[in-house]
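Trainee: I have a structure here, written as structure tokens, and I will follow up with some questions on it.
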Amino acid sequence: MASMLLSRQMTCCLQQNSRLLIFGHRYISQAAAKIDVDFDYDGPLMKTEVPGPRSRELMKQLNGIQNAEAVHFFCNYEESRGNYLVDVDGNRMLDLYSQISSIPIGYSHPSLIKLLQQPQNLSTFINRPALGILPPENFAERLKESLLSVAPKGLPQVITMSCGSCSNENAFKAIFMWYRNKERGHNNVTKEELESCMVNQPPGCPDYAMLSFMGGFHGRTMGCLATTHSKAIHKLDIPSLDWPIAPFPRLKYPLEDFVKENQQEEARCLEEVEDLIVKYRKKKKIVAGIIIEPIQSEGGDNHASDDFFRKLRDIARKHGCAFLVDEVQTGGGCTGKFWAHEHWGLDDPADVVTFSKKMMTGGFFHKEEFRPNAPYRIFNTWLGDPSKNLMLAEVIKVIKREDLLNNATHAGKALLTGLLDLQARYPHLISRVRGRGTFCSFDTPNDATRNKLITIARNKGVVLGGCGDRSIRFRPTLIFKDHHAHLFLNIFSDILANFK
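Here the sequence shown is numbered in my numbering, starting from 3 and rising by one per residue.
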């Protein structure tokens, strides 16, 4: 009876909220979209500077409880919808950063609201299980409907996690277990291994390493931090591991003008990768795996050619290293393919692919041979959240129904073309325009200019993000369309024209 009452109350509340979401929105034709109501706003609406007085008051409150210096402003998520983020001072901004690239189909999407209105889904949101030991009856079915329906080629196994850092951290563990199992010839573990691992010594704790790249970002937990090399503030004061760090190509733009130079740069970096693997082996430290992002995101939106990644995959195979592709920020469709590494055209798939952000849940896909050989080896209390899998299944339906992968390609072309035009007109402010799908960025002259442009844009009603030393990155939702790109470009053109 209590469950039925709760179900009625929650459904009633959600129905009221959904009516509020629709109020005041403009209707569009069925030809223009496949949902009945366009839940997006028409454009930015600014009432105060950002952060406004209410945000500043809340910042002061929060800073009394924790360090809140990273907070940009406080948000009103009840009023935020589509591509627009509303703050607590009533400012409505076109959000091209989307919660650090983690909102797949916009704020308050009608399909997700409808999902929450269905009484049969309430238990999934209320009762969070310890999935490793007590999963719900439909857990395997939900995984097939969600994650496994978009699994990368050749990776039939999946383990869910709660965030990107724990996804990579546990992927490292899976790789180290796989490598050690190969070394011992799939034989039983020895007594010496069992005893030595309890005091952090070999052979139970072998001296393995993950090779990573300068400029990469893979998380802030201890193992991940050893492979993160984007900003010093992430690593300062934290003990780390002696793991190899290879240079990542620094391409020159426009690409068509520097073909030979960029090929030489990529060859140099690949040669260094092989040299490091051999060098560490001589130090009795085995490189068990290589981790790389399809586009180095936090480190400055650094790209490399598809050929570079194909050759890197060959090097990993040659030296017996696992090849781990970190798709935490690039996965989910923003590059025009569901997984950015699909652009590479690999003959031999990656061994492990990690995900989070737009995927609603964290975790990693992997080949069969990376499957843990005993329970509790890859384990924590939650191991993800079934409610996120339920939401992801709906997100995937929307992506397919609305053809949002093609939309990312089309809208991305409009955005990139406009940025190249602005670069031609304002070369003293914009350089190295680059992108794939809507995953676009450009460089500014320095950090101060970059931060000033982001602040001015925010006060004009556009949320942008920074990355690297002086880059501005674009991370819109998958429902970002051509007209949003043109709206931004008009606003930003005026900003650049008046920039001092």
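We put the CB at the ideal spot given by N, CA and C, even for glycine.
Please read all numbers here as calculations on a predicted model, not as lab measurements.
Starting from Leu-87, trace the beta strand (DSSP E) in both directions and tell me its first and last residue.
Mentor: The residue given as residue 87 occupies position 85 in the sequence shown. Per DSSP, Leu-87 belongs to the beta strand (DSSP E) from 86–88.
Trainee: Would you mind sorting Ala-34 into buried or exposed? The rule is 16 or more other CB atoms within 10 Å of its CB.
Mentor: Here residue 34 corresponds to residue number 32 of the sequence shown, with the count starting at 1. Annotation note: pLDDT 32 at Ala-34 (below 50); position unreliable, coordinate value reported separately. Exposed, by the Cβ-count rule.
Trainee: Comparing alpha-carbon positions, which option in Leu-385, Gln-68, Asp-353 and Ile-279 lies nearest Glu-371?
Mentor: Taking the sequence shown and counting its residues from 1, the one referred to as residue 371 is at position 369. When only C-alpha atoms are compared, the closest one is Asp-353.
Trainee: Compute the beta-carbon to beta-carbon distance between His-345 and Thr-356, rounded to the nearest angstrom, for a pair I have assumed lies under 8 Å.
Mentor: Position 343 of the sequence shown, counting from 1, holds the residue named residue 345. Position 354 of the sequence shown, counting from 1, holds the residue named residue 356. So it is not a contact: roughly 17 Å between Cβ atoms.
Trainee: Could you say which of Pro-53, Leu-326 and Val-330 lies nearest to Asp-89 if we only look at CA atoms?
Mentor: Translated into positions along the sequence shown, residue 89 becomes position 87. Nearest of Pro-53, Leu-326 and Val-330 to Asp-89, Cα basis: Pro-53.
Trainee: In chain order, what residues of the same chain have a beta carbon less than 8 Å from the beta carbon of Asn-19, not counting five sequence neighbours either side?
Mentor: As a working note, residue 19 is residue 17 in the sequence shown. Low confidence applies to Asn-19: its pLDDT is 45, below 50, so where it sits in the model is not reliable enough to give any reading.
Trainee: Starting from Phe-482, trace the alpha helix (DSSP H) both ways and give me its first and last residue.
Mentor: Numbered from 1 along the sequence shown, position 480 holds the residue referred to as residue 482. First-last for Phe-482: undefined, no H or E at that position.
Trainee: Between Pro-138 and the rest of its own chain, which residues show a CB-CB distance below 7 Å, the 5 nearest in sequence each way excluded?
Mentor: On the sequence shown, position 136 is the one that residue 138 refers to. The residues are Pro-131 and Pro-388.
Trainee: Which residue's Cα is closest to the Cα of Gly-334: Phe-310, Lys-502, Leu-149 and Ala-228?
Mentor: Walking along the sequence shown from the start, residue 334 turns up at place 332. Selected option, being the one with the closest Cα: Leu-149.
Trainee: Can you have a look at Glu-194 and say buried or exposed, based on whether 16 or more other CB atoms are within 10 angstroms of its CB?
Mentor: Residue numbering aside, residue 194 sits at position 192 when the sequence shown is read from its first letter. Burial call: exposed.
Trainee: Any idea if Asn-69 is buried or exposed, counting beta-carbon neighbours within 10 angstroms, 16 or more meaning buried?
Mentor: Against the sequence shown, residue 69 aligns to sequence position 67. That one is exposed.
Trainee: Distance check for Thr-479 and Thr-457, CA to CA, integer angstroms please.
Mentor: Working through the sequence shown from its first residue, we reach residue 457 at position 455. Working through the sequence shown from its first residue, we reach residue 479 at position 477. Spanning the two alpha carbons is a distance of roughly 21 Å.
Trainee: Between Lys-313 and the rest of its own chain, which residues show a CB-CB distance below 6 Å, the 5 nearest in sequence each way excluded?
Mentor: Within the sequence shown, numbered from 1, the residue matching residue 313 stands at position 311. Within the same chain, Lys-313 has close Cβ partners Leu-272.
Trainee: How would you label Asn-500, buried or exposed, when you count the other beta carbons within 10 angstroms and need 16 or more for buried?
Mentor: Taking the first residue of the sequence shown as 1, we reach residue 500 at position 498. The residue in question, Asn-500, is exposed, as its Cβ has fewer than 16 Cβ neighbours within 10 Å.
Trainee: If the criterion is Cβ atoms closer than 7 Å, does the pair Gly-364 and Ser-169 meet it?
Mentor: Counted from its first residue, the sequence shown places residue 364 at position 362. Counted from its first residue, the sequence shown places residue 169 at position 167. Contact: yes.
Trainee: Thinking just about the alpha-carbon of each residue, which of Phe-76, Val-465 and Pro-374 is nearest to the one in Val-160?
Mentor: Translated into positions along the sequence shown, residue 160 becomes position 158. Looking at the Cα atoms, Pro-374 is the closest of the given residues.
Trainee: Hey, quick one: how far does the beta strand (DSSP E) through Cys-442 stretch, first residue to last?
Mentor: Within the sequence shown, the letter at position 440 stands for residue 442. Residues 441–445.
Trainee: Round the Cβ separation of Thr-162 and Leu-491 to the nearest angstrom and send it over; I've been treating them as touching at under 8 Å.
Mentor: Stepping through the sequence shown from its first residue, residue 162 is reached at position 160. Stepping through the sequence shown from its first residue, residue 491 is reached at position 489. Contact doesn't hold; Cβ gap of about 38 Å is too wide.
Trainee: With a threshold of 6 Å (Cβ to nearest heavy atom), would Met-361 be considered close to the ligand COA?
Mentor: With respect to the ligand COA, the structure shown offers nothing to examine, as it has no ligands at all.
Trainee: Please report the residue range of the alpha helix (DSSP H) in which Gly-414 lies.
Mentor: Position 412 of the sequence shown holds residue 414. Looking at the DSSP string, the run of the alpha helix (DSSP H) that includes Gly-414 is 406–427.
Trainee: So, at 8 Å on beta carbons, what are the nonlocal neighbours of His-236 in its own chain, with the 5 sequence-adjacent residues on each side left out?
Mentor: Counting from one through the sequence shown, the residue named residue 236 turns up at place 234. The residues are Phe-219, Arg-222, Leu-227 and Thr-230.
Trainee: Using the C-alpha atoms, what's the distance from Asp-91 back to His-27?
Mentor: Translated into positions along the sequence shown, residue 27 becomes position 25. Translated into positions along the sequence shown, residue 91 becomes position 89. Note that His-27 scores a pLDDT of 35, beneath 50, so its modelled location is shaky; the value from the coordinates is reported in the next line. Approximately 20 Å, taken between the alpha carbons.
Trainee: On the CB-based measure, 16 or more other CB atoms within 10 Å of its CB, does Ser-232 come out buried or exposed?
Mentor: Within the sequence shown, numbered from 1, the residue matching residue 232 stands at position 230. Buried, since its Cβ has 16 or more Cβ neighbours within 10 Å.
Trainee: Assess contact between the segment 140–156 and the segment 305–321, defined as three or more Cβ pairs (one per stretch) separated by less than 8 Å. Is contact present?
Mentor: No, because fewer than three Cβ pairs between the segment 140–156 and the segment 305–321 fall closer than 8 Å, the two stretches do not touch.
Trainee: So which of Ile-247, Phe-482, Leu-145 and Ile-481 has the shortest CA-CA distance to Leu-133?
Mentor: Within the sequence shown, numbered from 1, the residue matching residue 133 stands at position 131. Of the candidates Ile-247, Phe-482, Leu-145 and Ile-481, the one whose C-alpha sits nearest the C-alpha of Leu-133 is Leu-145.
Trainee: Of all the beta strand (DSSP E) runs that stay within the bounds of the segment 312–349, which reach a length of 3 or more residues?
Mentor: The segment 312–349 contains these whole beta strand (DSSP E) runs: 324–328.
Trainee: Just verifying my parser: in three-state terms, what is the DSSP assignment at His-236?
Mentor: The residue labelled residue 236 in the question sits at position 234 within the sequence shown. Helix.
Trainee: Glu-396: buried (16+ other C-beta within 10 angstroms of its C-beta) or exposed?
Mentor: Position 394 of the sequence shown holds residue 396. Label assigned to Glu-396: buried.
Trainee: Let me know the alpha helix (DSSP H) ranges lying completely inside the segment 204–235, each 4 residues or longer, listed in chain order.
Mentor: DSSP runs (the alpha helix (DSSP H)) wholly in the segment 204–235: 224–228.
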